[in-house]
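Reviewing the structure listed below.
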Amino acid sequence: MTIQESGTARPAGRPRSEKAEKAIVEAVLDLIGEGMGVSELTIEAIAARAGVGKTTIYRRWGNKEDLVVDALSTLKAPLPPLAGTSVRDDLVALVDAMRREHGQARSRCVMNIAMSEADRYPQLFERFLKRAVEPRRKAMREVIERGVASGELRADLDVDMAQAMISGTMLWHTKWGPAGDLSPDLAGRVVDAALAGMAP
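According to the working numbering, the sequence shown is numbered sequentially starting from 345.
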């Protein structure tokens, strides 16, 4: 829970500095990207890297876990706009967002290091998944369900399995696939391969 969520009012006359917040978030991502695990990460180290005082951090974040959730969430791009006219086009848009995120070496490195500690900080990563990943899952589910309802996809389609096939295939490519195979047409190829088994 952040300080704001806990009901503590921000002191009058001390507006939040976007520049400072950006420096703090970047400091967290830099430190994790350099190999510092969540357990080693300290507010002192973050403040020193960001060039701010600890009180500047605590005015915005109640604790280290809140800050890490916010920082990791910035690595997830906003959901792409979906036209809602073609199931294929909407799925390609969602999957391509995954490709673009994982195509950034820094994002990939930070997430790999951070997620390696998910067992030690289950609540932190549960919050991160709920905030940054669940909206994407929900969007993909809605697109697939719309396709079933419109007849673009099989009426007996297992929606959960379809979602897992599409997301899982893209995850394989981003983590274990051939090096450099994150070409702009990858999302379309993944979706087309999946849709071949989902069409009526």
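We put the CB at the ideal spot given by N, CA and C, even for glycine.
Fair warning: this is a prediction, and the values are worked out from it, not measured in the lab.
Cβ separation of residue i and residue j, assumed to be a contact under 8 Å, to the nearest whole Å
i, j, result
"Val487", "Asp536", "Wrong, their Cβ atoms sit about 15 Å apart, outside the cutoff."
"Val396", "Ala364", "5 Å"
"Ala538", "Ala506", "7 Å"
"Thr513", "Val534", "5 Å"
Nearest to residue i (by Cα), restricted to the options the options
i, options, result
"Glu550", "Val382, Gly379, Lys398", "Because the chain in this structure spans residues 345 to 544, residue 550 falls outside the shown range and cannot be described."
"Ile439", "Val454, Gly379, Arg485", "Sequence check: residue 439 is Val here, not Ile. If we check each option's Cα against that of Val439, Arg485 comes out closest."
"Lys420", "Arg452, Arg432, Glu496, Val436", "Arg452"
"Pro425", "Ala531, Gln448, Ala483", "Ala483"
"Ser527", "Arg480, Tyr465, Gln448", "Gln448"
"Gly541", "Gln467, Asp529, Glu496, Glu409", "Glu496"
"Pro544", "Val413, Glu365, Ser494, Arg533", "Ser494"
"Leu423", "Ala476, Arg471, Met455, Arg404", "Ala476"
"Leu468", "Ile510, Lys366, Lys408, Gly512", "Lys408"
"Thr418", "Asp529, Met455, Glu470, Pro466", "Met455"
"Glu445", "Lys519, Gly379, Glu378, Met509", "Lys519"
"Asp410", "Trp516, Glu470, Glu378, Ala508", "Glu470"
"Asp414", "Lys474, Gly521, Met380", "Lys474"
Check: residue i C-beta below 7 Å from any heavy atom of the ligand ZN
i, result
"Leu375", "The ligand ZN is absent from the structure shown, which contains no ligands of any kind."
Cβ shell of residue i (< 7 Å), same chain only, five flanking positions each side left out
i, result
"Arg393", "Ala371, Asp374, Leu375"
"Arg490", "Val431"
"Ser383", "Glu461, Arg464"
"Ala458", "Ile376, Val382, Leu416"
"Val369", "Asp414, Ala415, Thr418"
"Glu378", "none"
"Phe472", "Val413, Leu416, Ser417"
Residue burial classification, residue i (beta-carbon count within 10 angstroms, cutoff 16)
i, result
"Arg354", "Note that Arg354 has pLDDT 43, beneath the 50 cutoff, so the model's placement of it is unreliable and the number below is only indicative. Burial call: exposed."
"Thr386", "exposed"
"Thr429", "exposed"
"Asp504", "exposed"
"Asp529", "exposed"
"Ala427", "exposed"
"Ala508", "exposed"
Chain-order list of residues whose beta-carbon lies under 8 Å from that of residue i (same chain, five-residue window excluded)
i, result
"Asp502", "none"
"Arg358", "Residue placement at Arg358 is flagged as unreliable, the pLDDT there being 45, under the threshold of 50; the coordinate-derived value follows with that caveat. Taken in chain order, the residues that qualify are Arg403."
"Ser361", "Thr400"
"Leu515", "Met442"
Cβ shell of residue i (< 6 Å), same chain only, five flanking positions each side left out
i, result
"Thr531", "At residue 531 the sequence reads Ala, which differs from the Thr that was named. For Ala531, where only same-chain residues beyond five positions count, the Cβ hits under 6 Å are Val436, Val439, Asp440, Arg443."
"Ala367", "Ala394"
"Ile510", "Ala538"
"Arg480", "none"
Boundaries of the alpha helix (DSSP H) in which residue i is found, first to last residue
i, result
"Trp516", "503-519"
"Gln448", "Premise fails: Gln448 is in no alpha helix (DSSP H) and is neither H nor E."
"Thr400", "398-404"
"Pro479", "478-494"
8 Å Cβ cutoff, residue i in contact with chain D
i, result
"Ser494", "Of the protein chains in the structure, only one exists, and it is not chain D."
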